[in-house]
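Okay, so here's the structure we're looking at.
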């Protein structure tokens, strides 16, 4: 359910149920003149309340509310000119299928357009990264979830992907995602280092004399000679001599 969260001048954080008027209070211990922000800061899957105080403290309060992208409120003006709550109204967001580690020749981006109004709209969606470098732009006529295959930038860096949607009335809704481009390529360096050593070892192994392996493989140990048997044999051999 929705709650109204506000920080009073006495340093008390109030969470008010707008239907029942019931409230919960949390003593922050400091006052604040800034807007309360709402976002999953630590990627834990639950939303966090972020506020700053006049004494310079930054407080993050974890809630039990599951992450809903359109519930996030990260600045006073959402998008570029939006002052309206987006959940159950209108917005755009990345889905959980979009990977944060991107590499290769192509990448896949997954996003959803939400619009609960009954107005026929045209949605112009664009994706940018870095210094306003456009990776993708396309126009849609109805809400829903979509995917797009893009060419992966041939760079090694962290970047913020900016997904924006413009309506016919020039309302601009946005969502952001921090990703990593081609940062796992060094994981194969240890294989390149070991490959010459492995090939050299195989060459030395194959060039060894075959007799060495045959001797080690096929030679059988001889049983120890019994001294009594040898003595009897020698006696027999002597008795076999005939003096003429």
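Numbering (full-length UniProt numbering), first residue to last: 1 to 244. Yeah, the Cβ is synthetic: ideal placement off N, Cα and C, and Gly gets one too. None of the values given here were measured: they were computed from a predicted structure.
Asked, Found
"Cα-Cα separation between residue 65 and residue 18, rounded to whole angstroms", "17 Å"
"Close beta carbons around residue 23, own chain, < 6 Å, minus the five adjacent residues each side", "14, 16"
"Residue 248 (DSSP reduced to helix, strand or coil)", "For the chain, the structure presents residues 1 to 244; residue 248 sits outside this window and is missing."
"Strand pairing of residue 130, partner residues [DSSP]", "In the DSSP output, where bridge partners are listed per residue, residue 130 has none listed."
"Buried versus exposed, by CB contacts within 10 Å (16 or more), residue 149", "exposed"
"Proximity below 8 Å, CB of residue 124 to CB of residue 166", "yes"
"Straight-line gap, residue 154 to residue 92 (C-alpha atoms, nearest Å)", "27 Å"
"Host beta strand (DSSP E) of residue 120 (start-end)", "First-last for residue 120: undefined, no H or E at that position."
"For residue 243, three-class secondary structure by DSSP", "Since pLDDT at residue 243 reaches only 43, below the 50 mark, its modelled position is unreliable, and the value read off the structure follows with that caveat. Three-state DSSP puts residue 243 in coil, outside helix and strand."
"Contacting residues, own chain, Cβ-Cβ under 8 Å from residue 32 (five flanking each side not counted)", "7, 51, 52, 53, 54"
"Chain-order list of residues whose beta-carbon lies under 8 Å from that of residue 105 (same chain, five-residue window excluded)", "151, 152"
"Alpha-carbon to alpha-carbon, residue 117 and residue 146", "19 Å"
"DSSP three-state assignment for residue 139, whether helix, strand or coil", "strand"
"Which of helix, strand or coil DSSP assigns to residue 66", "strand"
"Cβ neighbours of residue 86 in the same chain (closer than 6 Å, five flanking residues each side left out)", "70"
"Span of the beta strand (DSSP E), counted from its first residue to its last, around residue 158", "157-166"
"Bridge-paired residues (DSSP) for residue 90", "115"
"Spatial neighbours of residue 12 in its chain, beta-carbon cut-off 8 Å, leaving aside the 5 residues before and after", "25, 26, 27, 28"
"Among 60, 21, 143, 90, the one whose alpha carbon lies nearest that of residue 40", "60"
"Buried versus exposed, by CB contacts within 10 Å (16 or more), residue 179", "buried"
"Residue 75 versus 162, 48, 37, 122, residue with shortest Cα-Cα distance", "37"
"Local conformation of residue 56 per DSSP, three classes", "coil"
"Contact belief for residue 49 with residue 5 at Cβ below 8 Å, rounded distance in angstroms", "6 Å"
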